[in-house]
Structures are given as structure tokens and as C-alpha cells.
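Reviewing the structure listed below.
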Amino acid sequence: MDDKTNFVVYCIEEYKVAKGLDGRGVIDLFNRYRVIDYIRDYYEALHTTGRQYIVDDISMYIEARQPFMA
């Protein structure tokens, strides 16, 4: 796996734990709101931040898209 793929897996796991979700729930959520594309596109900035920042950033990204993609 490349660095971006490893980082996507890390983000999925951290988000899962932080939000008390199971793996399938996170994947469904990330697919619905294209979070994996977001993580890959902004890898350079995101991978330099901490776990809590990443979880909060993903949460804000999803919340900002809910009215448009529900």
C-alpha cells in the first residue's frame, strides 16, 4: 500500500473509534459523502495533523455536505 492508502485506513479506524461506529458504517458514510476522495486530495495537509483534528475535520466535512447529499 502507498502512503495515502495507509493514511485513509488510519482515518477510517480513528473515525470509527471516535464515533463508536462499526467498519461497515464508516465505509458507508465515507462513500456517501466521498470522504475518501477528500482525504486523498488533502493528504499533504491532513497527515501532518493529530488524530483529534482529523476526526473533527472529517466530521465538519460530512456535516457541510449533508444538506446537499441527503
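Each residue of the sequence shown is one higher than the one before, counting from 20 in our numbering. Even for Gly, the Cβ is constructed at its ideal location relative to N, Cα and C.
Residues near residue i in its chain [Cβ-Cβ closer than 8 Å; skip 5 each side]
| i | result |
| --- | --- |
| F26 | I58, Y62, L65, H66 |
Contacts around residue i, its chain only, beta-carbon distance under 7 Å, and the 5 residues preceding and following it disregarded
| i | result |
| --- | --- |
| I77 | C30, Y34, V54 |
| A37 | V74 |
| V45 | I31, Y34, K35 |
Three-state secondary structure assigned by DSSP to residue i
| i | result |
| --- | --- |
| L40 | coil |
| T24 | helix |
8 Å Cβ cutoff, residue i in contact with chain C
| i | result |
| --- | --- |
| Y72 | Of the chains in the structure shown, none is chain C; there is only one protein chain. |
Close-in-space but distant-in-sequence residues of the same chain around residue i (CB under 6 Å, 5 per side omitted)
| i | result |
| --- | --- |
| L48 | none |
What alpha helix (DSSP H) runs, 4 residues minimum, are completely inside the segment 42-70?
42-51, 54-60, 62-65
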